[in-house]
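Beneath this line is the structure, given in structure tokens, with notes to follow.
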Amino acid sequence: MADFGRIFCIIWVTCLDLIFLSKITVAENIELYKNIPCNQLPLTKINCSYKRDCVYGDKTVGNCTVLSNTHCLGDKAFQLLEVPCSYCYQLPKEAHDCELPVHCKSTLPKPVVVKCFISDYQHCLGSRSFLKSVKCNWKSGYHWSTAFALSVTLGGFGVDRFYLGYWKEGLGKLFSFGGLGVWTLIDIVLIGVGYIKPEDGSLYVF
12 MADFGRIFCI
22 IWVTCLDLIF
32 LSKITVAENI
42 ELYKNIPCNQ
52 LPLTKINCSY
62 KRDCVYGDKT
72 VGNCTVLSNT
82 HCLGDKAFQL
92 LEVPCSYCYQ
102 LPKEAHDCEL
112 PVHCKSTLPK
122 PVVVKCFISD
132 YQHCLGSRSF
142 LKSVKCNWKS
152 GYHWSTAFAL
162 SVTLGGFGVD
172 RFYLGYWKEG
182 LGKLFSFGGL
192 GVWTLIDIVL
202 IGVGYIKPED
212 GSLYVF
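Numbering follows the numbering used here, in which position 141 of the sequence shown is assigned residue number 152; successive positions increment by one, without gaps.
Next comes the structure, spelled out in structure tokens:
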């Protein structure tokens with residue numbers, strides 16, 4: 012019974028903390044936007060509908076209302092006259108915030124598909140999240156200068172290959188003394204020109 016009582020007290024205190032924190036969050040939201048014009052609120056705080064019978068590239072109209080729990084300056088129902096007549100995925104890439112492509116091979120020409128989002132302050136038509144094909148250009152921290160320096164100084168022991176993640180080739184170089192020097196020289200050239208990249212498919216950090 013004592014254990015049950017302690018568990019009940021912990022749950023009760025946790026619930027009270029959550030209620031208290033939620034009240035603080037609501038109060039902070041009220042303070043955050045109360046001095047901002049309603050027509051400048053982020054889209055997370057307003058509901059908008061747009062006229063879609065427009066020509067791509069022109070401007071269209073948006074009718075917006077502020078959410079009931081948000082306080083701001085001015086009318087809570089307003090009209091926007093300068094909304095771009097474009098679907099969200101058609102906006103310039105500067106308006107997109109896309110997930111970084113990871114665990115793909117930068118050496119392959121095939122693009123990868125990532126999920127993109129639109130800024131909370133950017134009005135557009137259609138879904139605000141979408142898929143987009145991009146080049147694989149992620150970096151995991153491998154430095155070209157480090158790889159090249161290791162190839163020149165310790166390449167005969169396969170340290171450059173170990174560093175880049177090619178442990179099998181590294182063992183081959185280690186036990187063959189760098190292919191009697193030939194393999195070492197070849198790797199110096201290939202790493203120097205950037206032909207040999209990290210095994211995980213990422214790009215070098217220069």
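Note that CB positions come from ideal geometry on N, CA and C, so glycine has one too.
Among the options, which has the Cα closest to the Cα of residue i?
i: S117; options: T81, H82 and N148; result: N148
i: Y61; options: P112, F89, V94 and C49; result: V94
i: W194; options: V163, Y174, V113 and L214; result: V163
i: F173; options: P209, D131 and K87; result: P209
i: L52; options: Q101, Y67 and Q90; result: Q90
i: H134; options: D211, L214, C59 and G212; result: C59
i: D218; options: V113, G167, I199 and G183; result: Residue numbering for the chain in the displayed model covers 12 to 217; residue 218 lies beyond these limits and cannot be assessed.
i: R63; options: G73, C83 and L111; result: G73
i: L92; options: G85, C75, Y67 and G205; result: C75
i: D198; options: L165, L43 and P120; result: L165
i: K150; options: L214, G183, L136 and F188; result: L214
i: G85; options: N50, T71 and G181; result: N50
I believe residue i touches residue j by the beta-carbon criterion, under 8 Å. Please report the beta-carbon distance rounded to the nearest angstrom.
i: V216; j: Y153; result: 7 Å
i: G169; j: L185; result: 4 Å
i: I129; j: C109; result: That pair is no contact at about 10 Å.
i: C127; j: S138; result: C127 to S138, Cβ: 10 Å. No contact.
i: D131; j: L78; result: Contact flag wrong, Cβ pair sits at about 13 Å.
Would the C-beta of residue i count as close to the ligand SAH, meaning under 7 Å from any of its heavy atoms?
i: R139; result: Absence of the ligand SAH is noted for the structure shown, with no ligands found whatsoever.
Alpha carbon to alpha carbon, how far is residue j from residue i? Give it in angstroms, no decimals.
i: T157; j: D69; result: 51 Å
i: I57; j: V145; result: 31 Å
i: N80; j: A160; result: 60 Å
i: K87; j: V125; result: 36 Å
i: P48; j: P122; result: 42 Å
i: S97; j: K45; result: 31 Å
i: L196; j: A106; result: 47 Å
i: L102; j: I207; result: 36 Å
i: H82; j: D171; result: 60 Å
i: W155; j: L119; result: 19 Å
i: G203; j: K104; result: 33 Å
With a threshold of 16 other CB atoms inside 10 Å of the CB of residue i, please say whether the residue is buried or exposed.
i: L175; result: buried
i: L142; result: exposed
i: L111; result: exposed
i: L136; result: buried
i: G189; result: buried
i: G167; result: buried
Checklist entry - Quick one: complete beta strand (DSSP E) runs, 3+ long, within the stretch 57-114? => result If only complete runs of 3 or more residues are kept, the stretch 57-114 shows the beta strand (DSSP E) at 57-61, 70-77, 88-95 and 107-109, in order along the chain.
Checklist entry - In the stretch 114-163, which residue ranges form an unbroken alpha helix (DSSP H) of at least 4 residues, counting only runs that do not cross its ends? => result Qualifying alpha helix (DSSP H) stretches: none in this window.
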